[in-house]
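First up is the structure itself, then whatever we jot down about it.
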Amino acid sequence: MSVIELWVYLSTSPLLWLTATLGAYVIADRLSQKLNRNPLANPVLIAVLLLMALLKISDTPFPVYFEGAQFVHFMLGPATVALAIPLVENLAEVKRNLVPMLAALAVGSATAVSSAVAIAWALGADNTLIASIAPKSVTTPIAMGISERLGGLPAVTAILVILTGIIGAVIVTPIMNRIGVRDWAARGFAAGVSAHGIGTARAFLVNPVAGTFAGIGMGLNGVITALILGLAVALLS
Amino acid sequence: MIEALLVLLAFQLAGEAITHASALPLPGPVLGLVLFAFALKMMPGLAEKVSGVAHGILRNLSLLFVPAGVGVVQHADLVIHQWLPILGALVISTALTLAVTALTFVGVRKLMGGQGAQNEGPTS
Numbered sequence: 162m163s164v165i166e167l168w169v170y171l172s173t174s175p176l177l178w179l180t181a182t183l184g185a186y187v188i189a190d191r192l193s194q195k196l197n198r199n200p201l202a203n204p205v206l207i208a209v210l211l212l213m214a215l216l217k218i219s220d221t222p223f224p225v226y227f228e229g230a231q232f233v234h235f236m237l238g239p240a241t242v243a244l245a246i247p248l249v250e251n252l253a254e255v256k257r258n259l260v261p262m263l264a265a266l267a268v269g270s271a272t273a274v275s276s277a278v279a280i281a282w283a284l285g286a287d288n289t290l291i292a293s294i295a296p297k298s299v300t301t302p303i304a305m306g307i308s309e310r311l312g313g314l315p316a317v318t319a320i321l322v323i324l325t326g327i328i329g330a331v332i333v334t335p336i337m338n339r340i341g342v343r344d345w346a347a348r349g350f351a352a353g354v355s356a357h358g359i360g361t362a363r364a365f366l367v368n369p370v371a372g373t374f375a376g377i378g379m380g381l382n383g384v385i386t387a388l389i390l391g392l393a394v395a396l397l398s
Numbered sequence: 135m136i137e138a139l140l141v142l143l144a145f146q147l148a149g150e151a152i153t154h155a156s157a158l159p160l161p162g163p164v165l166g167l168v169l170f171a172f173a174l175k176m177m178p179g180l181a182e183k184v185s186g187v188a189h190g191i192l193r194n195l196s197l198l199f200v201p202a203g204v205g206v207v208q209h210a211d212l213v214i215h216q217w218l219p220i221l222g223a224l225v226i227s228t229a230l231t232l233a234v235t236a237l238t239f240v241g242v243r244k245l246m247g248g249q250g251a252q253n254e255g256p257t258s
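Protein chains in written order, with this note's numbering: chain A, 162 to 398; chain B, 135 to 258.
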């Protein structure tokens with residue numbers, strides 16, 4: 162069998178791209194650890210860039226890549242359920258912060274939607290893009306549903322959500338340090354409300370309490386944004 | 135490990151089934167999270183079984199977003215074509231949301247006369 166035949170065989174099997182995904186993540190995570198979890202060295206960002214380069218070089222279309230990567234993607238569901246474990250472990254802390262959390266949720270959720278829409282409009286985005294960007298801070302499955310009801314493109318929203326998560330995970334630490342918020346609960350909650358699961362992943366890397374509050378912020382923001390934007394659409398139409 | 139996975143999958147499945155049947159505006163796994171949290175409160179023994187695997191998954195949560203992140207290539211044209219409104223809106227709005235959310239959290243707790251942060255983060 163020639164090298165080319167071997168490549169043709171392997172490159173279309175799920176095994177190759179599943180292995181590549183885990184490999185890229187291990188490299189990215191090691192690098193992030195070596196750099197003391199420096200926010201710029203975000204493991205999601207590094208692994209994604211490595212894999213994009215690999216797909217480009219090997220001329221592999223995304224659907225072929227996803228055949229293998231879907232097994233990793235699938236674990237997002239059980240991982241969401243698993244967030245109940247740190248939630249229950251830190252329940253006392255969560256209960257004590259209930260009122261500040263709900264206040265921060267209301268303000269954060271409103272800011273996320275209104276500022277994204279206003280800035281996109283001011284910078285010349287078309288209406289479809291504005292509708293697609295409105296739920297950008299919300300976890301992907303909820304955001305895609307909202308986008309559709311607003312007249313956006315769910316597939317585009319999925320990408321804007323991922324980009325928001327990566328941006329949020331990179332900037333959250335410098336911003337919190339700049340505004341002088343040191344409390345892990347507040348830092349984590351802000352990461353979850355602003356940057357959903359990728360912000361939550363960043364929070365878990367830094368501190369378990371931050372991770373717990375990020376998970377709560379992500380869940381609550383998804384629900385509240387869906388309810389409020391859903392209501393707005395119903396009232397306007 | 136298999137038992138733990140079974141528990142997580144079972145709660146996800148229950149969540150998916152209920153949200154589909156009732157048309158709740160919630161993804162199934164999020165309802166699964168809520169159901170699982172109640173179950174953990176009622177059956178403390180359950181936590182012991184699942185805790186190790188759950189923390190293992192959550193420590194590597196970043197990995198699970200990698201396939202979706204690579205998916206950005208599918209609409210690279212759009213991102214390049216409208217890069218200014220996209221990057222401008224995402225960066226500024228996310229920065230603003232982070233700051234406003236954290237400051238509200240800390241501010242409201244202070245207003246309530248709550249004790250200062252018990253979980254002090256980095257000083258710089």
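Every residue, glycine too, gets a C-beta built ideally from N, C-alpha and C.
In the segment 206-220 of chain B, which residues sit with their C-beta less than 8 Å from some C-beta in chain A, listed in chain order?
V206, V207, Q208, H209, L212, V213, Q216, L218, P219, I220
Quick check on the burial criterion: 16 or more other C-beta atoms within 10 angstroms. Buried or exposed for I119 of chain B?
Residue 119 of chain B is absent from the structure shown; chain B starts at 135 and stops at 258.
Which bits of chain A does I226 of chain B rub up against, with CB to CB less than 8 Å?
S276, I280
Ends of the alpha helix (DSSP H) at G222 of chain B?
217-245
Taking the runs of the alpha helix (DSSP H) that are 4 residues or longer, which of them lie wholly in the segment 238-300 of chain A?
245-250, 252-257, 259-283, 288-294
Stretch pair the segment 197-207 of chain B + the segment 230-242 of chain A: three plus CB contacts closer than 8 Å:
yes
Does the Cβ-Cβ distance between R348 of chain A and A236 of chain B come in under 8 Å?
yes
Which residues in the same chain have their Cβ closer than 8 Å to the Cβ of T182 of chain A, if we skip the five residues on either side of it in sequence?
A208, L212, G229, A230, V233
Taking the alpha helix (DSSP H) that Q231 of chain A belongs to, which residues open and close that run?
223-235
Select from A:G341, A:L388, A:V370, A:V164 the residue whose C-alpha is nearest the C-alpha of L232 of chain B.
A:G341
Starting from T173 of chain A, trace the alpha helix (DSSP H) both ways and give me its first and last residue.
Per DSSP, T173 of chain A belongs to no alpha helix (DSSP H) and is neither H nor E.
Apply the 10 Å Cβ neighbour rule to I218 of chain A and answer buried if 16 or more other Cβ atoms are within range, or exposed otherwise.
exposed
Run down chain B in chain order and give the residues with a C-beta less than 7 Å from the C-beta of Y226 of chain A.
V204
Report the option in A:A292, A:L266, A:P261, A:A375 whose CA atom is closest to the CA atom of I220 of chain B.
A:A292
Given 8 Å as the limit, is there contact between the segment 156-165 of chain B and the segment 180-197 of chain A, that is, 3 or more CB pairs closer than that?
no
Using the Cα positions of I188 of chain A and T180 of chain A, report the straight-line distance between them to the nearest angstrom.
12 Å
For I327 of chain A and N203 of chain A, which I take to be in contact (beta-carbon distance under 8 Å), what is that distance rounded to the nearest angstrom?
6 Å
Residue(s) in a DSSP beta bridge with D211 of chain B
In the DSSP output, where bridge partners are listed per residue, D211 of chain B has none listed.
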